[in-house]
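Protein chains in written order, with the working numbering: chain A, 12 to 578; chain B, 12 to 578. We treat Cβ as the ideally placed atom computed from N, Cα and C, and that holds for glycine. The structure displayed is predicted, hence computed values, not measured ones.
2 protein chains.
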Amino acid sequence: MPSNRIVVIGGVACGPKAASRARRRDPDAEITLLEKGSLISYAGCGMPYYVEGLVEDRDHLMQTPAGARRDAAFFRAVKDIAVLTRTLATRVDRGAHVVHARNLDTGEELVAPYDKLVLATGGMPLVPRIEGTELSGVYRLYHPDEAAAVRETLMSGAVKNAVIVGGGLIGMEMAEALSTHGVSITVVEMMDHLLPALLDHEPAAFLTKHLKVNDVNVVTGTKVTALLADDVGHVRAVQTDAGELPAEFVLLSIGVRPNVELARECGLALGETGALAVNDRLQTSDPDIYAGGDCVECTHLITGRKCFVPLGSTANKHGRIIGDNVTGGDATFRGIVGTTVFKTYDFNVARTGLSEAQARKEGYEVITALSPAPDRAHYMPGNQPILTKLVAEAGSGRLLGAQVVGPGEAVKRIDVMAVALTMGATVEDLADFDLGYAPPYAPAVDNLATAANIIRNKRDGLATTLTPAEVKAKLDSGAEFVWLDVRSPAEVKEMQFDDARVVHIPLGKLRDRAGELPKDKEIVAYCKISLRGYEAQRTLDGLGFPNVCFLDGGIVGWPYGGVVKGE
Amino acid sequence: MPSNRIVVIGGVACGPKAASRARRRDPDAEITLLEKGSLISYAGCGMPYYVEGLVEDRDHLMQTPAGARRDAAFFRAVKDIAVLTRTLATRVDRGAHVVHARNLDTGEELVAPYDKLVLATGGMPLVPRIEGTELSGVYRLYHPDEAAAVRETLMSGAVKNAVIVGGGLIGMEMAEALSTHGVSITVVEMMDHLLPALLDHEPAAFLTKHLKVNDVNVVTGTKVTALLADDVGHVRAVQTDAGELPAEFVLLSIGVRPNVELARECGLALGETGALAVNDRLQTSDPDIYAGGDCVECTHLITGRKCFVPLGSTANKHGRIIGDNVTGGDATFRGIVGTTVFKTYDFNVARTGLSEAQARKEGYEVITALSPAPDRAHYMPGNQPILTKLVAEAGSGRLLGAQVVGPGEAVKRIDVMAVALTMGATVEDLADFDLGYAPPYAPAVDNLATAANIIRNKRDGLATTLTPAEVKAKLDSGAEFVWLDVRSPAEVKEMQFDDARVVHIPLGKLRDRAGELPKDKEIVAYCKISLRGYEAQRTLDGLGFPNVCFLDGGIVGWPYGGVVKGE
Numbered sequence: 012m013p014s015n016r017i018v019v020i021g022g023v024a025c026g027p028k029a030a031s032r033a034r035r036r037d038p039d040a041e042i043t044l045l046e047k048g049s050l051i052s053y054a055g056c057g058m059p060y061y062v063e064g065l066v067e068d069r070d071h072l073m074q075t076p077a078g079a080r081r082d083a084a085f086f087r088a089v090k091d092i093a094v095l096t097r098t099l100a101t102r103v104d105r106g107a108h109v110v111h112a113r114n115l116d117t118g119e120e121l122v123a124p125y126d127k128l129v130l131a132t133g134g135m136p137l138v139p140r141i142e143g144t145e146l147s148g149v150y151r152l153y154h155p156d157e158a159a160a161v162r163e164t165l166m167s168g169a170v171k172n173a174v175i176v177g178g179g180l181i182g183m184e185m186a187e188a189l190s191t192h193g194v195s196i197t198v199v200e201m202m203d204h205l206l207p208a209l210l211d212h213e214p215a216a217f218l219t220k221h222l223k224v225n226d227v228n229v230v231t232g233t234k235v236t237a238l239l240a241d242d243v244g245h246v247r248a249v250q251t252d253a254g255e256l257p258a259e260f261v262l263l264s265i266g267v268r269p270n271v272e273l274a275r276e277c278g279l280a281l282g283e284t285g286a287l288a289v290n291d292r293l294q295t296s297d298p299d300i301y302a303g304g305d306c307v308e309c310t311h312l313i314t315g316r317k318c319f320v321p322l323g324s325t326a327n328k329h330g331r332i333i334g335d336n337v338t339g340g341d342a343t344f345r346g347i348v349g350t351t352v353f354k355t356y357d358f359n360v361a362r363t364g365l366s367e368a369q370a371r372k373e374g375y376e377v378i379t380a381l382s383p384a385p386d387r388a389h390y391m392p393g394n395q396p397i398l399t400k401l402v403a404e405a406g407s408g409r410l411l412g413a414q415v416v417g418p419g420e421a422v423k424r425i426d427v428m429a430v431a432l433t434m435g436a437t438v439e440d441l442a443d444f445d446l447g448y449a450p451p452y453a454p455a456v457d458n459l460a461t462a463a464n465i466i467r468n469k470r471d472g473l474a475t476t477l478t479p480a481e482v483k484a485k486l487d488s489g490a491e492f493v494w495l496d497v498r499s500p501a502e503v504k505e506m507q508f509d510d511a512r513v514v515h516i517p518l519g520k521l522r523d524r525a526g527e528l529p530k531d532k533e534i535v536a537y538c539k540i541s542l543r544g545y546e547a548q549r550t551l552d553g554l555g556f557p558n559v560c561f562l563d564g565g566i567v568g569w570p571y572g573g574v575v576k577g578e
Numbered sequence: 012m013p014s015n016r017i018v019v020i021g022g023v024a025c026g027p028k029a030a031s032r033a034r035r036r037d038p039d040a041e042i043t044l045l046e047k048g049s050l051i052s053y054a055g056c057g058m059p060y061y062v063e064g065l066v067e068d069r070d071h072l073m074q075t076p077a078g079a080r081r082d083a084a085f086f087r088a089v090k091d092i093a094v095l096t097r098t099l100a101t102r103v104d105r106g107a108h109v110v111h112a113r114n115l116d117t118g119e120e121l122v123a124p125y126d127k128l129v130l131a132t133g134g135m136p137l138v139p140r141i142e143g144t145e146l147s148g149v150y151r152l153y154h155p156d157e158a159a160a161v162r163e164t165l166m167s168g169a170v171k172n173a174v175i176v177g178g179g180l181i182g183m184e185m186a187e188a189l190s191t192h193g194v195s196i197t198v199v200e201m202m203d204h205l206l207p208a209l210l211d212h213e214p215a216a217f218l219t220k221h222l223k224v225n226d227v228n229v230v231t232g233t234k235v236t237a238l239l240a241d242d243v244g245h246v247r248a249v250q251t252d253a254g255e256l257p258a259e260f261v262l263l264s265i266g267v268r269p270n271v272e273l274a275r276e277c278g279l280a281l282g283e284t285g286a287l288a289v290n291d292r293l294q295t296s297d298p299d300i301y302a303g304g305d306c307v308e309c310t311h312l313i314t315g316r317k318c319f320v321p322l323g324s325t326a327n328k329h330g331r332i333i334g335d336n337v338t339g340g341d342a343t344f345r346g347i348v349g350t351t352v353f354k355t356y357d358f359n360v361a362r363t364g365l366s367e368a369q370a371r372k373e374g375y376e377v378i379t380a381l382s383p384a385p386d387r388a389h390y391m392p393g394n395q396p397i398l399t400k401l402v403a404e405a406g407s408g409r410l411l412g413a414q415v416v417g418p419g420e421a422v423k424r425i426d427v428m429a430v431a432l433t434m435g436a437t438v439e440d441l442a443d444f445d446l447g448y449a450p451p452y453a454p455a456v457d458n459l460a461t462a463a464n465i466i467r468n469k470r471d472g473l474a475t476t477l478t479p480a481e482v483k484a485k486l487d488s489g490a491e492f493v494w495l496d497v498r499s500p501a502e503v504k505e506m507q508f509d510d511a512r513v514v515h516i517p518l519g520k521l522r523d524r525a526g527e528l529p530k531d532k533e534i535v536a537y538c539k540i541s542l543r544g545y546e547a548q549r550t551l552d553g554l555g556f557p558n559v560c561f562l563d564g565g566i567v568g569w570p571y572g573g574v575v576k577g578e
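Right, here's the structure in full:
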């Protein structure tokens, strides 16, 4: 009887990790890895930066930190793992415990017997069901070979106009890369704001403003209906339900689907999301077959439900756990909280848990905070704004999710939130976490603590707010109210709401001049970021005004138009 | 009967926060704040950056984010709070519920009756009991007036040599400021490494290297015995038990003590740390007197014991809680985990929880990881190294503390750890937290997850390591062993250990050339950061070598000398 035979299908992230971990635990196992492409163990997430030119050489995406190339020879020499590239697994015979595969260059068939099989078949960018997706000039950026082609095309200078279909992650990351190459960019999103699966509309609006500053044309609420060809079969335009957009370059970025064909064909159970179903040991419905990475679904630790969030970080965690379990170990994976972060231009976008929209859809009664503020002590040069949106359960104060976006340090706050969500923390916990404080890194009251306190003030009836959407509806309906700007005259000069209902009394004069305000009308106070708006509301409450609230997030958090330079 | 009379003593951080919060909750309270200095509500933590010139104007430290000056007029107009500056509280008569105070300019005595009293008397930098601390040119940097004097002195160009006594926080932050002014700096620390209350010796050694690169002379294990005067009473040198150091400028940075004289005199209970004792509502032994900020002790959430860690962030949290409780609320403060972060030159120092030394002293059986690695995807330009030291309880895997230092993003990791420690997380939890991953922000396996996995590998018997201290002892004792360098020839050329016991076999050749190694000798493998060292250990284990381990932290984590450029 030979030693443990482990076969791994898929050679990008989870597969090589599982194989390497298995080897470190079991020096005698026979480990074979099958990969249909010619490359293995590459950093797919680095492709936008290679296209941009920030990562100079594509080979850097395939190297260890010490500069060794992670190829078949490396895996053989260092890890005693047999890697077969250009080898497509065509069928799993679960009864016979063998994988059938074919060499894509020679056509040679091979049979790999296994005791334990690992499916790490990954995912693929979705292709919309419209005409023209097969045209030349249409990309998805799912493999380093494609990235090389994209970079070459862009460097040739042949691309003037690009359309990114769907404001997905890769699309956002690629926008910056396209700008670097001098391309005019339009992003077309079907829903009413960018990244609807990740962001609520206020953070999305903050992002959209930044994209527009970088000359990206953002078109929302618009459906792409076809990709149009020139006479040599190259894409020339994108047809939408709102007209045609010229484009010699189209990037499809509408999401990712799991590669589950092989698993489905051999009868393994798929989950409700369409990805492979696995238990917390990452075992499929066949106890000798494990699966991880972009082809499986995970448990969402907030909702307890299954979700499909393909990410390189999760794939690596899965790889280690599978490496344990195929060599006699008993490791488990609890799940994820839906953390996603990316950088586009000088803007950091970070989110975790449930958005407000998602939380409401899940049936939670929610309470939120919207807080724009500097990311460190406001007197420190180099401080940058971030907009923090925090979502909690109304009754219990349990944290449900957060979105932090802006030029400032957003990812740190989301990492804090990811841990807080995983550990079941409340807004009370968040307000008092002993986070690192020194002026170069954070304000004395961290942005997250401020957001938590806003929620507590709302819940305790101290703070009465209207969301931007509620104020917008009020404005549009022509409702009568006092729109009270409590900023300094200098700030008003810089920007102000262009509306006749605006009354300007700086906070420092409010106690003296409160008599100028009517007691029989609703008063909606605001300032730059909402802290003075809150102070104004408490002041007027204390002076006996019966109907005062303030605008959540202030003028900086306002996601709509209507803000003009003051005179 | 008048409304609730609240008197607050101390006007820097906790005091104004408590007063403001009380006002927002109770519009009718009579709120009075007494401050012995002329300034209130200033950002004391910003002083090193004002001295450096990074913050141009001292007034910026006293302004709101919107640019309003936080002075008595501001507190009166905006918050209806009576602020009396230059007013020293001299006695609290608890029976009569009054505070006696004196105006320091006019000598006028006043009596402030209270229903609730708030002590926010802060802390003061400690002065060592040696001769000469009263000389001119000797500073502690505890007030903006002193900061202004320091900046003026430095800008005059009169200071050539500075000595920082005690490697404390302010000392480290001020070193950079002094360098900006062209001053030669020596740091004198009594213990055997810098910041012994915060860092273990490996992270401290990493910091010391960076200070030396910036021409800071670091002298440890040396006691300052006196400050010596020139003939006009200005400091001219620092006398130590290892000789004299010339200095026209001396900064005392040996720690902070709580200001508790007023509290002690009126019979309030002090805690074991010497700071004011408070319950979790921040109530002192007198139920009508609350206290917070730098004059009180906190509960350490790991040990459950009281500790004294004065910080502006904690003071602000305390202020809010006290503001609630003096206006009929019932807010509580759980405690802290000892998070401290600071920046010096281009180096970030961040720590939380217990160091290894502290954990051992507390009686924990500990297991640690030492992991130097890039702070983001290694192929991304701009990545920077950080050294992560993680401390966990051996049996349970419960996290006890972490230290992250280096030019890379350290504070983010410590914020994650602060939450993890507060919520009672284990190394298993840490390895699988859904932290934000994208190449500009983190490696696919975050540095913290790597450190957690190192601890798991050690605990599970997969990884066998020697700490740098253990290897150093072995080297110094002349022990026979094979010191196996598995790095590439190019890396060896860059730097290597200068020792005859070193044998060099690159990891990629190890399986082929293992026959060159003796099976009857101990083999200690290492590489740059210890990942390949671990791989080498597992490879040789698998090949039947009975006595293999690797150097924790690799050559980058090595805190001692003996590393030379290879030939």
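Counting C-beta atoms within 10 angstroms of its own C-beta, A:Met-73 has 16 or more neighbours from the protein chains shown and is therefore classed as buried.
Contact between B:Leu-410 and B:Leu-432 holds: CB atoms are separated by about 6 Å, below the 8 Å threshold.
Taking C-alpha positions only, A:Thr-343 is separated from A:Ala-208 by approximately 27 Å. Residues of the segment 150-178 of chain B whose Cβ lies closer than 9 Å to any Cβ of chain A: none. Bridge partners of B:Ser-382 according to DSSP: B:Thr-399. At least one C-beta of chain A is nearer than 8 Å to the C-beta of B:Lys-539.
The beta carbon of A:Ala-453 sits closer than 7 Å to those of Arg-387, Leu-446, Gly-447, all from its chain and outside the five residues before and after it, given in chain order.
DSSP, read as helix, strand or coil, puts B:Ser-31 in helix. Three or more Cβ pairs drawn from the segment 155-171 of chain B and the segment 242-260 of chain B lie within less than 8 Å of each other, which places the two stretches in contact. Around the beta carbon of B:Pro-557, fewer than 16 other beta carbons sit within 10 angstroms, so the residue counts as exposed.
Taking 8 Å as the CB threshold, A:Glu-527 stays off the interface with chain B.
For a cut-off of 8 Å, the C-beta gap from B:Tyr-356 to B:Glu-187 is around 5 Å, short enough to register as a contact. Classified as buried, B:Glu-502 has 16 or more neighbouring CB atoms from the shown chains inside 10 Å of its CB. Measuring C-alpha to C-alpha distances from A:Phe-492 to each of A:Leu-528, A:Arg-467, A:Arg-524, A:Thr-475 identifies A:Leu-528 as the nearest. Under the 8 Å criterion on CB atoms, B:Ala-484 is classed as non-interfacial with respect to chain A. Spanning the alpha carbons of B:Ala-484 and B:Val-227 requires a straight line of approximately 28 Å.
A:Leu-293 sits close to A:His-329, with the two beta carbons spaced by under 8 Å. Against chain A, a Cβ distance below 7 Å from B:Leu-72 picks out Tyr-390. With respect to B:Val-497, B:Ala-536 sits close: the two C-beta atoms are nearer than 8 Å. Taken in chain order, the unbroken stretches of beta strand (DSSP E) that lie wholly in the segment 506-566 of chain B and span 3 residues or more are 513-515, 534-537, 559-562. The residue among B:Leu-554, B:Cys-560, B:Ala-370 with its C-alpha nearest the C-alpha of B:Gly-544 is B:Cys-560.
Under DSSP, the beta-bridge partners assigned to B:Gln-294 are B:Tyr-301. For B:Leu-486, the secondary structure class from DSSP, reduced to helix, strand or coil, is helix.
By the neighbour-count criterion, in which 16 or more other beta carbons inside 10 Å mark a residue as buried, A:Asn-394 falls on the buried side. As computed with DSSP, A:Ser-195 is found in a beta bridge with A:Asn-172. Close CB contacts of B:Thr-251 within its chain, under the 8 Å cut and outside five residues either way in sequence, are with Val-199, Val-230, Thr-233, Lys-234, Val-235, Thr-236 (chain order).
DSSP, reduced to helix, strand and coil, places B:Met-202 outside both helices and strands of the structure shown, so it counts as coil.
Sorting B:Glu-283, B:Ala-370, B:Asp-297, B:Gly-346 by C-alpha distance to the C-alpha of B:Gly-304 places B:Gly-346 at the top.
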